[in-house]
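Student: Protein sequences appear in the order of chains A and B. Residue numbering for the first sequence follows the UniProt record's numbering, beginning at 1 and increasing consecutively. Residue numbering for the second sequence follows the UniProt record's numbering, beginning at 1 and increasing consecutively. Glycine included, C-beta positions come from ideal geometry on N, C-alpha and C. Since we're looking at a predicted model, the values are computed, not measured.
Number of protein chains: 2
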Amino acid sequence: MAPAVRHEAMRAGNLAVVLGELDRHGPLTRAALAENTGLTKTTVSKLVGDLIEAGMAVESGAVRDGERGRPGVAVRLSGHRVAALGLEINVDYLAACVVDLSRSVRVLRTQAVDNRAASPQEVIAGLRDLGAAMLDEAAGLGLTVAGCVVALPGPVDRLTGSVHSAPNLGWKDVAVTGALALPVPVLVDNEANLAALGELWFGSGASLGDFLHVSGEIGIGAGLVVDGALFRGAHGFAGELGHVVVSPDGPACRCGGTGCLERYAGQDALVPPGQGINDLVRRLQAGDPGAAEACARAGAALGVALTTAVNLVDPDTIVLGGIFAPLYPWVSGPAAEAMRARLGQMRAHVPTLAVSRVGGDAATLGAAGQVIQRVIADPGAYLDLTAGGTLG
Amino acid sequence: MAPAVRHEAMRAGNLAVVLGELDRHGPLTRAALAENTGLTKTTVSKLVGDLIEAGMAVESGAVRDGERGRPGVAVRLSGHRVAALGLEINVDYLAACVVDLSRSVRVLRTQAVDNRAASPQEVIAGLRDLGAAMLDEAAGLGLTVAGCVVALPGPVDRLTGSVHSAPNLGWKDVAVTGALALPVPVLVDNEANLAALGELWFGSGASLGDFLHVSGEIGIGAGLVVDGALFRGAHGFAGELGHVVVSPDGPACRCGGTGCLERYAGQDALVPPGQGINDLVRRLQAGDPGAAEACARAGAALGVALTTAVNLVDPDTIVLGGIFAPLYPWVSGPAAEAMRARLGQMRAHVPTLAVSRVGGDAATLGAAGQVIQRVIADPGAYLDLTAGGTLG
DNA sequence: GATATTTAGTCCACAACATAGACTAAATCG
DNA sequence: CGATTTAGTCTATGTTGTGGACTAAATATC
Chain A
1 MAPAVRHEAM
11 RAGNLAVVLG
21 ELDRHGPLTR
31 AALAENTGLT
41 KTTVSKLVGD
51 LIEAGMAVES
61 GAVRDGERGR
71 PGVAVRLSGH
81 RVAALGLEIN
91 VDYLAACVVD
101 LSRSVRVLRT
111 QAVDNRAASP
121 QEVIAGLRDL
131 GAAMLDEAAG
141 LGLTVAGCVV
151 ALPGPVDRLT
161 GSVHSAPNLG
171 WKDVAVTGAL
181 ALPVPVLVDN
191 EANLAALGEL
201 WFGSGASLGD
211 FLHVSGEIGI
221 GAGLVVDGAL
231 FRGAHGFAGE
241 LGHVVVSPDG
251 PACRCGGTGC
261 LERYAGQDAL
271 VPPGQGINDL
281 VRRLQAGDPG
291 AAEACARAGA
301 ALGVALTTAV
311 NLVDPDTIVL
321 GGIFAPLYPW
331 VSGPAAEAMR
341 ARLGQMRAHV
351 PTLAVSRVGG
361 DAATLGAAGQ
371 VIQRVIADPG
381 AYLDLTAGGT
391 LG
Chain B
1 MAPAVRHEAM
11 RAGNLAVVLG
21 ELDRHGPLTR
31 AALAENTGLT
41 KTTVSKLVGD
51 LIEAGMAVES
61 GAVRDGERGR
71 PGVAVRLSGH
81 RVAALGLEIN
91 VDYLAACVVD
101 LSRSVRVLRT
111 QAVDNRAASP
121 QEVIAGLRDL
131 GAAMLDEAAG
141 LGLTVAGCVV
151 ALPGPVDRLT
161 GSVHSAPNLG
171 WKDVAVTGAL
181 ALPVPVLVDN
191 EANLAALGEL
201 WFGSGASLGD
211 FLHVSGEIGI
221 GAGLVVDGAL
231 FRGAHGFAGE
241 LGHVVVSPDG
251 PACRCGGTGC
261 LERYAGQDAL
271 VPPGQGINDL
281 VRRLQAGDPG
291 AAEACARAGA
301 ALGVALTTAV
311 NLVDPDTIVL
321 GGIFAPLYPW
331 VSGPAAEAMR
341 ARLGQMRAHV
351 PTLAVSRVGG
361 DAATLGAAGQ
371 VIQRVIADPG
381 AYLDLTAGGT
391 LG
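Written as C-alpha cells, this is what we have:
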C-alpha cells in the first residue's frame with residue numbers, strides 16, 4: 001500500500017521533484033524550476049536552499065536567457081558531497097567505483113583475480129578490502145558515501161542479500177551483504193540488471209526510451225528498463241534471455257532444457273575453450289570465413305530470441321553489450337535481419353539494435369548509479385547524512 | 001516527472017490510502033483504519049466522512065472485536081453510487097457490463113452479432129446503442145458512471161483511442177473513442193490485457209501474486225500483471241504470446257514469421273474451419289484419441305512458449321483462459337511437463353498453471369474494473385462527480 | 001543618462017492539511 | 001455500580017505550500 005502522506009512526505013516529495021528536475025534538465029534558475037515543477041517561487045527557493053545546505057546542489061553563476069530583466073542564478077546538481085560506491089564480483093576480476101551525485105565517475109579500479117579458485121569467503125574478504133580502500137579515497141575527496149551496491153553474476157535475493165546459486169562462480173547459498181561488513185548500507189543485485197542500468201546512466205541510455213540491454217558473457221542475461229526503472233519480475237529473475245528456447249529440439253543446455261539461446265550464442269558456443277573473445281575478434285578481423293559464419297549463426301539465433309522478447313516485452317531499443325559489443329559488426333546484421341523478417345509485417349516499429357557504449361564497467365557503474373538514483377529519488381532521506389558532512 | 005505535492009495532493013493521496021485499505025481489507029472501523037494506514041484517528045475520521053458524503057463508503061453496523069471497550073462502526077466500500085461501464089467488441093458478439101465500486105457486477109449483457117460482416121462504423125453504432133442502454137439502466141439503479149473502457153481484439157493506441165490494425169475484425173485505422181460519443185470518459189484497450197485484469201479482480205486474481213494470463217482465441221494474447229498493474233511495454237504491445245517463436249523452422253504464420261505459437265496452439269490449429277471449441281471438447285469427452293493427441297501437441301508447444309515467457313518475465317503463476325479454459329484438462333498436463341523439464345533445474349519455483357475462473361466475460365469485466373481501479377486509486381478526482389449525485 | 005519595463009528572487013500574512021492530546025461515548029469486567 | 005477499555009470527536013497547534021507585495025538587477029526607450 002502507498003504510505004500515508006504526511007507533511008514530511010510532502011516536503012520529501014517536493015525535494016525529490018526539484019532535485020529530479022535538476023538532474024534531468026541541467027542547470028536551471030529558481031524561476032525556471034518553479035515554472036517547470038508547478039511549485040511557487042517561494043517554495044522552490046526554500047527547497048533549493050535546503051539542497052544547497054545538504055551539498056546536493058550548488059549555485060553556478062549568473063544566467064541571462066537573452067531577454068531583458070534581472071539575470072537568474074543557475075542551480076545545478078553538486079558532485080562535491082554525496083557519492084556512491086559500486087562493487088562487482090565477476091569470474092576473473094573484482095571492480096569498484098565511486099560515482100558522485102552528478103554521476104561523474106570519480107574513482108574506478110579493477111583487480112584481476114581468479115575468483116573461481118578462491119572460496120566465497122576469500123572473495124568477499126578481497127572485496128571488503130577493495131571497498132574499504134575506495135571509501136577512504138572517497139573521504140579524501142571530501143565525499144560522503146550514501147550506500148553501496150554489489151553486482152554479482154547470478155540471480156540474487158535482494159531482500160536477504162544472498163546468492164542462491166551462481167554457477168559461473170561455483171557459489172551456492174552465499175550471504176554477501178552480511179559478510180561484507182562495510183560501514184555503509186549494502187545491497188546486492190544481478191550483474192545483467194546493473195549493466196542495463198549502467199547503460200542507462202553512463203552510456204547512451206539517456207537518449208533511449210525503454211530498452212532491453214543484452215549482457216552476453218558465458219551466460220546471456222538481459223535487463224529491461226521501462227520508465228527509467230528495471231523490470232524484475234515476480235521473484236527478481238526476469239531477463240534470463242540465455243534460456244529462451246530458440247529451437248526445442250536443439251542441443252542440451254546446462255539448465256536442463258534443450259535449444260536455449262546460450263547454446264547458440266553464448267561465449268562457449270563461439271570460442272573454443274582456453275581462448276577469449278579477443279582471439280575470435282582477431283580471427284574475424286583477419287577475414288576468417290569460419291569465424292564469420294559462426295557469428296552469423298549466433299546472430300540469427302539471437303535474432304530469434306530477441307523476436308520473442310519483443311513480442312513479450314515490447315522494448316523500444318535493444319542494446320547489445322558484453323561479448324556482443326566487440327562482435328557487433330558480425331552479429332548485429334543477421335540478428336536484425338531475423339527480427340525484421342519476423343516482426344516487420346505486424347509492427348509499425350521494429351526495435352533498433354545498438355551497441356553498448358559502456359564497456360566492461362557497465363555493471364560496476366550501474367551499481368553505483370543505482371545508489372545515486374535512490375538519493376535523487378528521495379533526497380529527504382539523505383539530508384541528515386550529509387548535513388554535518390565534511391569540509392564543504 | 002512526479003508532479004509537485006501540494007496540499008490538495010496530500011489530501012487526495014490520503015483519501016486513496018483510506019479507500020484502498022477499505023478495498024483490500026474489507027470492512028474496517030475508523031480506529032482500525034488509523035492503525036493500518038498510520039494516519040491519526042482525527043484525520044481518518046475526516047477522510048471517511050468525505051468518502052461517505054461522496055457515496056464511496058458507508059457505515060455498516062457496529063462491530064465488537066471480542067474484546068471489551070466501545071464497539072466500533074464498520075466502514076466499507078459502497079456500491080450504491082459510483083459505477084463503471086465496460087464494453088467489448090469481439091468477432092461475433094458485443095458485450096457490456098456495469099460494475100459498482102465494490103466490484104459487484106450489476107448488469108451484464110451480450111449481443112451476438114457478426115461484426116466481421118459489418119463496417120466498423122456500424123459496429124461502433126451498435127456499441128453506442130448498447131452502451132447508452134446500459135447508462136440508462138445504471139441511472140435507474142441510482143448509479144453514477146465514472147467512465148468507460150472498451151475492449152478490442154487487437155493492439156490499440158490508448159492515447160488516441162484508435163485501432164491501428166485488428167486482423168480478426170478486419171479493421172484498419174479505426175478511431176473508436178471519438179466515434180463512440182458516449183457522455184462519459186472513454187478509453188480503449190486490448191482485450192488480452194483487460195482479460196488479465198478481469199481475472200485479477202473478478203477471478204482468482206486476488207489470491208494470486210504477479211501472474212501471466214493467457215487468452216487463447218484465434219490469436220493468442222497474454223497480459224502480465226505485476227504489483228496489481230498491467231505491464232504494457234514501451235508501446236503497449238507487450239504480451240504477444242501468440243508470436244513467440246516455438247520452432248524457427250516451423251510453419252509460416254500470418255504475421256510473416258515461422259513457427260509461432262499460434263500455429264501450434266491457436267484455435268485454427270486445433271479446430272477445423274466451421275467448427276467451434278465446443279465441438280472439440282465434445283470429441284475429447286467422447287475419448288477421441290486424435291483430438292487428445294492434438295491437444296497434447298498444442299500443450300507441449302504452449303509449454304515451450306511459456307518456458308520462454310517465464311525466463312523473460314518471471315511470473316509467479318500462469319492462468320490459462322480463453323479456449324484453454326475448456327481445454328485445460330487436456331492441455332495443461334503437457335504444458336506443465338514441458339515447463340518442469342526446462343525450468344526445474346534452474347529455478348527454485350516453477351510457476352504453477354491455473355485455469356481462468358472468469359469465463360468469456362473476462363475482458364468486459366476487466367474493462368469496467370479498470371475504471372473502478374482508477375477511482376479507487378484517486379478518489380479525489382471523482383468526489384465532485386458524485387457529490388451532487390442521485391438520491392443516495 | 002534618467003526612467004520605464006522586465007525578470008529573479010525574497011518576505012510576510014494566510015490557507016490547507018495533518019497532529020497530539022484532551023475529551024466524550026459506549027461497551028465489558030469485577 | 002464503578003473501573004477499565006476501546007471508539008470516535010473536538011480543539012489548539014505545527015508544518016508546509018500559496019499568493020501577492022516587495023526588492024534587486026538587468027535591458028529598452030526616450
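What are the residues that DSSP puts in a beta bridge with B/C97?
Tutor: For the purposes of this step, residue 97 of chain B is identified with residue 97 of the second sequence, where counting begins at 1. Partner(s): B/G86, B/L108.
Student: Can you tell me which of B/S102, B/Y328, B/V163, B/A265 puts its alpha carbon nearest to the alpha carbon of B/G55?
Tutor: Translated into positions along the second sequence, residue 55 of chain B becomes position 55. Selected option, being the one with the closest Cα: B/S102.
Student: Are the C-beta of A/L241 and some C-beta of chain B separated by less than 8 Å?
Tutor: Within the first sequence, numbered from 1, the residue matching residue 241 of chain A stands at position 241. Taking Cβ atoms only, chain B reaches closer than 8 Å to A/L241, which makes this a yes.
Student: With a cut-off of 8 Å, does the C-beta of A/H235 fall near any C-beta of chain B?
Tutor: Position 235 of the first sequence, counting from 1, holds the residue named residue 235 of chain A. Yes, A/H235 counts as interfacial toward chain B.
Student: One question on the structure: do A/A265 and A/A298 come within less than 8 Å of each other, judged by their Cβ atoms?
Tutor: As a first step, residue 265 of chain A must be located in the first sequence, where it is residue number 265. As a first step, residue 298 of chain A must be located in the first sequence, where it is residue number 298. It is a contact, given that the beta carbons lie within the stated cut-off.
Student: If the cut-off is 8 Å on Cβ atoms, which residues from the region 330 to 347 of chain A count as contacting chain B, listed in chain order?
Tutor: Those residues of the region 330 to 347 of chain A that come within reach of chain B (Cβ to Cβ, closer than 8 Å) are A341, R342, L343, G344, Q345, M346, R347.
Student: B/C295 CB to nearest chain A CB: under 8 Å?
Tutor: Within the second sequence, the letter at position 295 stands for residue 295 of chain B. Output row for B/C295: interface = no.
Student: Name the DSSP bridge partner or partners of B/T317?
Tutor: In the second sequence, the residue the question calls residue 317 of chain B occupies position 317. Note: B/T317 sits in a beta bridge opposite B/F211, B/T352.
Student: For chain A, is any of its Cβ atoms less than 8 Å away from the one on B/A387?
Tutor: Numbered from its first residue, the second sequence carries residue 387 of chain B at position 387. Confidence at B/A387 is low in this model, with a pLDDT of 47, below 50, so the placement of that residue should be treated as unreliable; the coordinate-derived value is given next. No, no contact with chain A.
Student: Along the beta strand (DSSP E) that carries A/L15, what are the first and last residues, could you check?
Tutor: Position 15 of the first sequence, counting from 1, holds the residue named residue 15 of chain A. Premise fails: A/L15 lies in the alpha helix (DSSP H), 7 to 24, not in any beta strand (DSSP E).
Student: With a cut-off of 8 Å, do at least 3 Cβ pairs link the region 230 to 248 of chain B to the region 237 to 252 of chain A?
Tutor: With a cut-off of 8 Å, the region 237 to 252 of chain A and the region 230 to 248 of chain B count as touching, because enough Cβ pairs lie within range.
Student: Closest to B/K172 by CA distance: which of B/L212, B/T160, B/P120, B/L182 is it?
Tutor: Stepping through the second sequence from its first residue, residue 172 of chain B is reached at position 172. Among B/L212, B/T160, B/P120, B/L182, the Cα nearest to that of B/K172 belongs to B/P120.
Student: Which residues of the UniProt domain "HTH marR-type" (18 to 60) of chain A have a Cβ closer than 7 Å to any Cβ of chain B? Give them in chain order.
Tutor: For the UniProt domain "HTH marR-type" (18 to 60) of chain A, which is checked against every Cβ of chain B, the residues closer than 7 Å are G20, E21, T37, G38, L39.
Student: Look at B/G147 and B/N168 and say whether their C-beta atoms are less than 8 Å apart.
Tutor: In the second sequence, residue 147 of chain B corresponds to position 147, counting from 1. In the second sequence, residue 168 of chain B corresponds to position 168, counting from 1. Going by C-beta atoms, B/G147 is not nearer than 8 Å to B/N168.
Student: What separation, rounded to the nearest whole angstrom, lies between the Cα atoms of B/L22 and B/S162?
Tutor: Taking the first residue of the second sequence as 1, we reach residue 22 of chain B at position 22. Taking the first residue of the second sequence as 1, we reach residue 162 of chain B at position 162. So the alpha carbons of these two residues sit roughly 35 Å apart.
Student: Taking DSSP as the reference, what is the three-state secondary structure of A/N168?
Tutor: Position 168 of the first sequence holds residue 168 of chain A. In this structure, A/N168 counts as coil in the three-state DSSP scheme.
Student: Go ahead and pull the three-state DSSP assignment for B/R76.
Tutor: As a first step, residue 76 of chain B is located in the second sequence; it is residue number 76 there, counting from the start. In the structure shown, B/R76 sits in a strand (DSSP, three-state: E or B).
Student: Can you give the Cα-Cα distance for B/D378 and A/L365, rounded to whole angstroms?
Tutor: As a working mapping, residue 378 of chain B is identified with position 378 in the second sequence. As a working mapping, residue 365 of chain A is identified with position 365 in the first sequence. For B/D378 and A/L365, the distance between alpha carbons rounds to 38 Å.
Student: Just tell me which of B/P326, B/N14, B/G322 has its CA closest to the CA of B/R283.
Tutor: Here the question's residue 283 of chain B lines up with position 283 in the second sequence. Here the closest residue by C-alpha is B/P326.
Student: Compute the beta-carbon to beta-carbon distance between A/D210 and A/V188, rounded to the nearest angstrom, for a pair I have assumed lies under 8 Å.
Tutor: As a position in the first sequence, residue 210 of chain A is number 210, starting the count at 1. As a position in the first sequence, residue 188 of chain A is number 188, starting the count at 1. A/D210 to A/V188, Cβ: 25 Å. No contact.
Student: Examine chain B for any beta-carbon lying closer than 8 Å to the beta-carbon of A/L312, and answer yes or no.
Tutor: Here residue 312 of chain A refers to the residue found at position 312 when the first sequence is read from its first residue. Yes, A/L312 counts as interfacial toward chain B.
Student: For a contact defined as C-beta to C-beta under 7 Å, what are the partners of B/H349 on chain A?
Tutor: Working through the second sequence from its first residue, we reach residue 349 of chain B at position 349. Per Cβ cutoff of 7 Å: H235.
Student: B/N14 versus chain A: which residues are under 8 Å apart at the beta carbon?
Tutor: Residue 14 of chain B sits at position 14 when you count from the first residue of the second sequence. A4, V5, listed in chain order.
Student: Give me the subset of the region 303 to 328 of chain A whose CB atoms are less than 9 Å from a CB atom of chain B, sorted by chain position.
Tutor: The region 303 to 328 of chain A vs chain B, Cβ under 9 Å: V304, A305, T307, T308, A309, V310, N311, L312, V313, D314, P315, D316, T317.
Student: Using the DSSP secondary-structure output, state which residues sit across from B/L187 in a beta bridge.
Tutor: For the purposes of this step, residue 187 of chain B is taken as residue 187 along the second sequence, with counting starting at 1. According to DSSP, B/L187 bridges with B/V149.
Student: When the cut-off is 8 Å and only beta carbons count, does A/A238 lie next to chain B?
Tutor: Locating residue 238 of chain A in the first sequence gives position 238, where the first residue counts as 1. For A/A238, the answer is yes, since a Cβ of chain B falls inside 8 Å of its Cβ.
Student: To be precise: take each residue of the region 144 to 165 of chain A, compare its Cβ to all Cβ atoms of chain B, and keep it if any distance is under 9 Å. Which residues remain?
Tutor: The residues in question are P155, H164, S165.
Student: Leaving aside the five residues before and after B/R357 along the sequence, list all residues of the same chain whose C-beta is less than 6 Å from its C-beta, in chain order.
Tutor: Counted from its first residue, the second sequence places residue 357 of chain B at position 357. Excluding sequence neighbours, B/R357 sits near G203, S204.
Student: Under 7 Å between beta-carbons, which chain B residues line up against A/V244? List them in chain order, please.
Tutor: Here the question's residue 244 of chain A lines up with position 244 in the first sequence. Those are T308, N311, L312, listed as they occur along chain B.
Student: Near B/V91, which residues of its chain fall below 7 Å by C-beta distance, leaving aside the five closest residues on each side in sequence?
Tutor: Here residue 91 of chain B corresponds to residue number 91 of the second sequence, with the count starting at 1. Closer than 7 Å at the Cβ level, and outside the excluded window around B/V91, lie N115, R116, P153, N168, L169.
Student: My guess is that A/A338 and A/V304 are in contact by the Cβ rule of under 8 Å, so how many angstroms apart are they, rounded?
Tutor: Counted from its first residue, the first sequence places residue 338 of chain A at position 338. Counted from its first residue, the first sequence places residue 304 of chain A at position 304. Right, the Cβ-Cβ distance comes to about 6 Å (below 8 Å), so this counts as a contact.
Student: Tell me the residue span of the beta strand (DSSP E) that contains A/E35.
Tutor: What you label residue 35 of chain A is simply residue 35 of the first sequence in a count that begins at 1. Note, A/E35: premise wrong, no beta strand (DSSP E); alpha helix (DSSP H) at 30 to 37.
Student: Does the beta carbon of B/D210 come closer than 8 Å to any beta carbon on chain A?
Tutor: Taking the second sequence and counting its residues from 1, the one referred to as residue 210 of chain B is at position 210. Yes, because at least one Cβ of chain A sits closer than 8 Å to the Cβ of B/D210.
Student: Does the beta-carbon of A/S104 have 16 or more other beta-carbons within 10 angstroms, so that it is buried, or is it exposed?
Tutor: Translated into positions along the first sequence, residue 104 of chain A becomes position 104. With fewer than 16 other Cβ atoms within 10 Å, it is exposed.
Student: Find out if the Cβ-Cβ distance for the pair A/L51, A/V44 is shorter than 8 Å.
Tutor: As a first step, residue 51 of chain A is located in the first sequence; it is residue number 51 there, counting from the start. As a first step, residue 44 of chain A is located in the first sequence; it is residue number 44 there, counting from the start. Against a cut-off of 8 Å, the Cβ pair of A/V44 and A/L51 comes out as no contact.
Student: If you draw a straight line from the alpha carbon of A/V186 to that of A/G140, how long is it in whole angstroms?
Tutor: Translated into the one-based positions of the first sequence, residue 186 of chain A becomes position 186. Translated into the one-based positions of the first sequence, residue 140 of chain A becomes position 140. Those two C-alpha atoms are separated by around 21 Å.
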